[in-house]
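Mapping of the sequence shown onto full-length UniProt numbering: residues 1 to 409, in sequence order. Beta carbons: idealized from backbone N, C-alpha and C, even for Gly.
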Amino acid sequence: MSGDSKVAKTIAGRIDELSKQLRELSLGIHEHPEIRFEEKYAHDVLTDFMERAGFSVTRHYKDLDTAWLATFTHGSGGRNLGFNSEMDALPGIGHACGHNLIAIGGVAAALGVAQAMKEHDISGTVTLLGTPAEEGGNGKCILLERGAYEGIDACLMIHPCPGAENWHGAGSCLARAQVEAEFTGHTAHAAFAPWEGRNALDAAIISYTAISALRQQIKPTSRVHGSLEGRDWTPNVVPDYAKMSYYVRTPRYQELEEIMPKVKNCFKAGALAASCELKLEEHGMMFDLLPNNPLAEEYKRILEGEYGQKVDLGPPGFFGASTDFGNVTHALPGLHPCYAIPTKPGGGNHNPLFTAAAATPEAHAATIIAAKGIAIAGVKVLTDEAFAAQVVQSFKGDLVRMKEEFPNA
1 MSGDSKVAKT
11 IAGRIDELSK
21 QLRELSLGIH
31 EHPEIRFEEK
41 YAHDVLTDFM
51 ERAGFSVTRH
61 YKDLDTAWLA
71 TFTHGSGGRN
81 LGFNSEMDAL
91 PGIGHACGHN
101 LIAIGGVAAA
111 LGVAQAMKEH
121 DISGTVTLLG
131 TPAEEGGNGK
141 CILLERGAYE
151 GIDACLMIHP
161 CPGAENWHGA
171 GSCLARAQVE
181 AEFTGHTAHA
191 AFAPWEGRNA
201 LDAAIISYTA
211 ISALRQQIKP
221 TSRVHGSLEG
231 RDWTPNVVPD
241 YAKMSYYVRT
251 PRYQELEEIM
261 PKVKNCFKAG
271 ALAASCELKL
281 EEHGMMFDLL
291 PNNPLAEEYK
301 RILEGEYGQK
311 VDLGPPGFFG
321 ASTDFGNVTH
331 ALPGLHPCYA
341 IPTKPGGGNH
351 NPLFTAAAAT
361 PEAHAATIIA
371 AKGIAIAGVK
381 VLTDEAFAAQ
391 VVQSFKGDLV
401 RMKEEFPNA
């Protein structure tokens, strides 16, 4: 048995040993769904778990109350391999994106690699970041800006999705910008003196219609979608307030610079037409995922060769969702494979049926396999200097090619 095979066997064996505990951890988080920046239960149980496993733990990391850091170092020198654990749920529908599974996937990978480092005398550090608020809070973007990823040579994580059994995708996903438009008008009696009012709902509806028309002139790979809400609306009062929250997505983050001004003009047009005041606020941008090719190929080799899985390495933007991990992959080499868990028809991500699916034994089993994949692929960054150099070279090459594609960005 080769050295690589022995290391892989140790990692897989350790993850299997922990499987029952990981399942209990996952179910606990699933039963205590917490939305962005409120993941207190998840923060506490995960940090306690990592501390008991022998990791050095920093709670409330980088001045984010529910972020955390867990590290394990063996020997002297060496590289630093990172993993991520997401924790947040969605309002009203709980863990409908399976972040309870992502949480234990990061834990499993980190503990598996740490065991291999001890048994095979591998120098280096394994880092696990507990990253809050992926759903609408850009938690990783905040952590990245505050230096949480400094010193990490490569970072990996996994994400569940619906799909065929034993399927994994290790390609890219869409960049995303977020904008909120608040319209302020003037109330009036809708029958007695409507001319005295300025209708904020009209402003929002005109904006909504303008954006719908705009979709005809954007590329089919782009997305513009959002929601509308009001305050104290009733039929006999002209509404004086409306709020629109919109996401704009493109295969590459640089393409957002072309669409965003047009979307904002739609809001401005609605406000102008209805004589309402407009307040526009943009939130942090999620970049597209930049999957590291050597890491992706290694993940594919392991999952297909050892575990009978099918791994697709798709083109940029092939997966229509977005993640704040995209920003991380533009700062350092990274990989974010998605993997299929059994779901009922119509039960994809962000649906209550996916919430139920994320708690099944079958979803747990799929998570364990995916966690083994990122752990065994990732550990090669610590054990193989030539491979680590290829990872860095590929990352730098991707950035150069992107600059050539978007020279004015």
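Quick one: Cα of Glu182 to Cα of Asp324, how far? Translated into positions along the sequence shown, residue 182 becomes position 182. Translated into positions along the sequence shown, residue 324 becomes position 324. Looking at the two C-alpha atoms, the distance is approximately 25 Å.
Please list the terminal residues of the continuous alpha helix (DSSP H) segment that includes Arg301.
Counting from one through the sequence shown, the residue named residue 301 turns up at place 301. That run of the alpha helix (DSSP H) goes Asn293 to Tyr307.
Residues of its chain near Thr73, where Cβ-Cβ distance is below 6 Å and the 5 sequence neighbours each way are ignored:
The residue labelled residue 73 in the question sits at position 73 within the sequence shown. Residues Thr125 of the same chain have their beta carbon placed closer than 6 Å to that of Thr73, with the five preceding and five following residues left out of the count.
- Item | Limits of the unbroken alpha helix (DSSP H) element including Leu46 | Looking up residue 46 in the sequence shown gives position 46. Where Leu46 is concerned, the enclosing alpha helix (DSSP H) stretches over Lys40 to Arg52.
Self-check item: Expected contact under 8 Å - CB spacing of Ala269 and Ile206 to nearest Å
Solution: The residue labelled residue 269 in the question sits at position 269 within the sequence shown. The residue labelled residue 206 in the question sits at position 206 within the sequence shown. Confirmed, Cβ separation roughly 7 Å.
Inset, instruction - Compare the C-alpha of Val224 against each of Gly13, Gly139 and Tyr208 and name the closest. - result: As a working mapping, residue 224 is identified with position 224 in the sequence shown. Just measuring C-alpha positions, the residue of Gly13, Gly139 and Tyr208 sitting nearest Val224 is Tyr208.
ask   = So, do the region 126-139 and the region 82-100 have three or more beta carbon pairs nearer to each other than 8 Å?
value = Here the region 126-139 lies against the region 82-100, with 3 or more beta-carbon pairs under 8 Å apart.
DSSP three-state call for Met157: helix, strand or coil?
-> Within the sequence shown, residue 157 is the residue found at index 157, counting from 1. Here Met157 sits in coil by DSSP.
| task | Using the DSSP secondary-structure output, state which residues sit across from Thr127 in a beta bridge. | result | Here the question's residue 127 lines up with position 127 in the sequence shown. Beta-bridge pairing links Thr127 to Thr71 and Gly82.
Legend entry - Met286 - partner residues in DSSP beta bridges: Walking along the sequence shown from the start, residue 286 turns up at place 286. Under DSSP, Met286 takes part in a beta bridge, and its partners are Arg176.
Query raised in the report: Are the beta-carbon atoms belonging to Thr329 and Leu290 less than 8 Å from one another?
Result: Position 329 of the sequence shown, counted from the first residue, corresponds to residue 329. Position 290 of the sequence shown, counted from the first residue, corresponds to residue 290. A contact, by the Cβ cut-off of 8 Å.
Checklist entry - What does a CB cutoff of less than 6 Å around residue 444 pick up in its chain, not counting 5 residues either side in sequence? => result For residue 444 there is no data in the structure shown, the boundaries of the chain being 1 and 409.
Pull up the distance between the alpha-carbon of Gly326 and that of Tyr241, whole angstroms please.
-> Counting from 1 along the sequence shown, the entry for residue 326 is found at position 326. Counting from 1 along the sequence shown, the entry for residue 241 is found at position 241. Spanning the two alpha carbons is a distance of roughly 34 Å.
Contact belief for His350 with Ala96 at Cβ below 8 Å, rounded distance in angstroms: Position 350 of the sequence shown holds residue 350. Position 96 of the sequence shown holds residue 96. His350 to Ala96, Cβ: 5 Å. Contact.
ask   = Exposed or buried, Phe55, counting other C-beta atoms within 10 Å across all chains shown (16 or more means buried)?
value = As a working mapping, residue 55 is identified with position 55 in the sequence shown. Result: buried.
task = Check whether the Cβ atoms of Ile259 and Ala377 lie closer than 8 Å to each other.
result = Residue mapping note: residue 259 aligns to position 259 of the sequence shown, counting from 1. Residue mapping note: residue 377 aligns to position 377 of the sequence shown, counting from 1. It is not a contact, given that the beta carbons lie outside the stated cut-off.
Might you give, ordered along the chain, the residues of its own chain that have their beta carbon closer than 6 Å to the beta carbon of Lys279, omitting 5 neighbours on each side?
-> By 1-based counting over the sequence shown, the position of residue 279 is 279. Beyond the five residues adjoining it in sequence on each side, Lys279 comes within less than 6 Å, by CB distance, of Glu182 in the same chain, given in chain order.
Going along the chain, which residues of its own chain have a beta-carbon closer than 6 Å to the beta-carbon of Gly75, five neighbours each way excluded? Here residue 75 refers to the residue found at position 75 when the sequence shown is read from its first residue. Only residues of its own chain outside the window of five on either side were considered, and among them Ser123 have a CB closer than 6 Å to the CB of Gly75, listed in chain order.
Worksheet item: Given a threshold of 16 other Cβ atoms within 10 Å of its Cβ, counted over all protein chains shown, does Glu404 qualify as buried or as exposed?
Response: Working through the sequence shown from its first residue, we reach residue 404 at position 404. Glu404 should be labelled exposed.
Determine the DSSP secondary structure at Ala340, reduced to helix, strand or coil. The count along the sequence shown starts at 1 and reaches residue 340 at position 340. Residue state, collapsed to three classes: strand.
Quiz prompt | Rounded separation between Met1 and Gly13 - CA only | solution = Counted from its first residue, the sequence shown places residue 1 at position 1. Counted from its first residue, the sequence shown places residue 13 at position 13. In this predicted model, Met1 has a pLDDT of only 49, less than 50, meaning its place in the structure is not dependable; the value taken from the coordinates is given anyway. Met1 and Gly13 have their C-alpha atoms roughly 15 Å apart.
- Query: By how many angstroms is the C-alpha of Val45 removed from the C-alpha of His60?
  - Reply: Counting from one through the sequence shown, the residue named residue 60 turns up at place 60. Counting from one through the sequence shown, the residue named residue 45 turns up at place 45. One C-alpha to the other measures close to 13 Å.
Restricting to Cα atoms, I'd like to know which of Pro160, Ile11 and His99 is closest to Glu31.
Position 31 of the sequence shown, counted from the first residue, corresponds to residue 31. Considering only alpha carbons, the answer is His99.
Closer than 7 Å by C-beta to residue 410: which residues in its own chain qualify, once you throw out the five before and the five after it? Chain order, please. Since the first residue shown for the chain is 1 and the last is 409, residue 410 is missing from the structure and cannot be characterised.
In three-state DSSP terms, what is Phe325? Taking the first residue of the sequence shown as position 1, residue 325 is located at position 325. In the three-state reduction of the DSSP assignment, Phe325 falls in the helix class.
Quiz item: How would you write the range of the beta strand (DSSP E) that Glu119 sits in, first residue to last?
Solution: Numbered from 1 along the sequence shown, position 119 holds the residue referred to as residue 119. That residue, Glu119, is in no beta strand (DSSP E); its alpha helix (DSSP H) goes His99 to Glu119.
- Return the CA-CA distance between Gly317 and Ala331, expressed in angstroms with no decimal places. The residue given as residue 317 occupies position 317 in the sequence shown. The residue given as residue 331 occupies position 331 in the sequence shown. Unreliable placement is indicated for Gly317, whose pLDDT of 46 sits below 50; the coordinate value is still reported in the next sentence. Rounded to the nearest whole angstrom, the CA to CA distance from Gly317 to Ala331 is 18 Å.
Sub-8 Å separation of residue 469 and Ala175 beta-carbons: A query on residue 469 cannot be resolved here, the shown segment of the chain reaching from 1 to 409 and no further.
Legend entry - DSSP state of Ala204 mapped onto helix, strand, coil: For the purposes of this step, residue 204 is identified with residue 204 of the sequence shown, where counting begins at 1. Three-state result, Ala204: helix.
Measure the C-alpha to C-alpha separation of Val248 and Asp398 and round it to an integer number of angstroms.
Taking the first residue of the sequence shown as position 1, residue 248 is located at position 248. Taking the first residue of the sequence shown as position 1, residue 398 is located at position 398. About 24 Å.
- Query: If you draw a straight line from the C-alpha of Tyr253 to the C-alpha of Asp288, how long is it?
  - Reply: Along the sequence shown, read from residue 1 onward, the residue named residue 253 stands at position 253. Along the sequence shown, read from residue 1 onward, the residue named residue 288 stands at position 288. Using only the alpha carbons, I get a separation of about 6 Å.
Problem - Leu353 versus Glu362 - alpha carbon distance - result: On the sequence shown, residue 353 is found 353 positions in, with the first residue counted as 1. On the sequence shown, residue 362 is found 362 positions in, with the first residue counted as 1. Per the coordinates, the alpha-carbon of Leu353 lies some 14 Å from the alpha-carbon of Glu362.
**Report entry** Residue span of the alpha helix (DSSP H) that contains Ala371, given as start and end
**Finding:** Residue 371 sits at position 371 when you count from the first residue of the sequence shown. Pro361 to Thr383 is the extent of the alpha helix (DSSP H) around Ala371.
| said: Using C-beta distances below 7 Å, list every residue in its chain close to Thr343, excluding the 5 sequence neighbours before and after it, in chain order. | reply: Taking the first residue of the sequence shown as 1, we reach residue 343 at position 343. Taken in chain order, the residues that qualify are Pro162, Leu353, Phe354 and Ala357.
Is it true that the CB of Val379 sits closer than 8 Å to the CB of Val107?
The residue given as residue 107 occupies position 107 in the sequence shown. The residue given as residue 379 occupies position 379 in the sequence shown. Cβ distance not < 8 Å, so Val107 and Val379 don't count as in contact.
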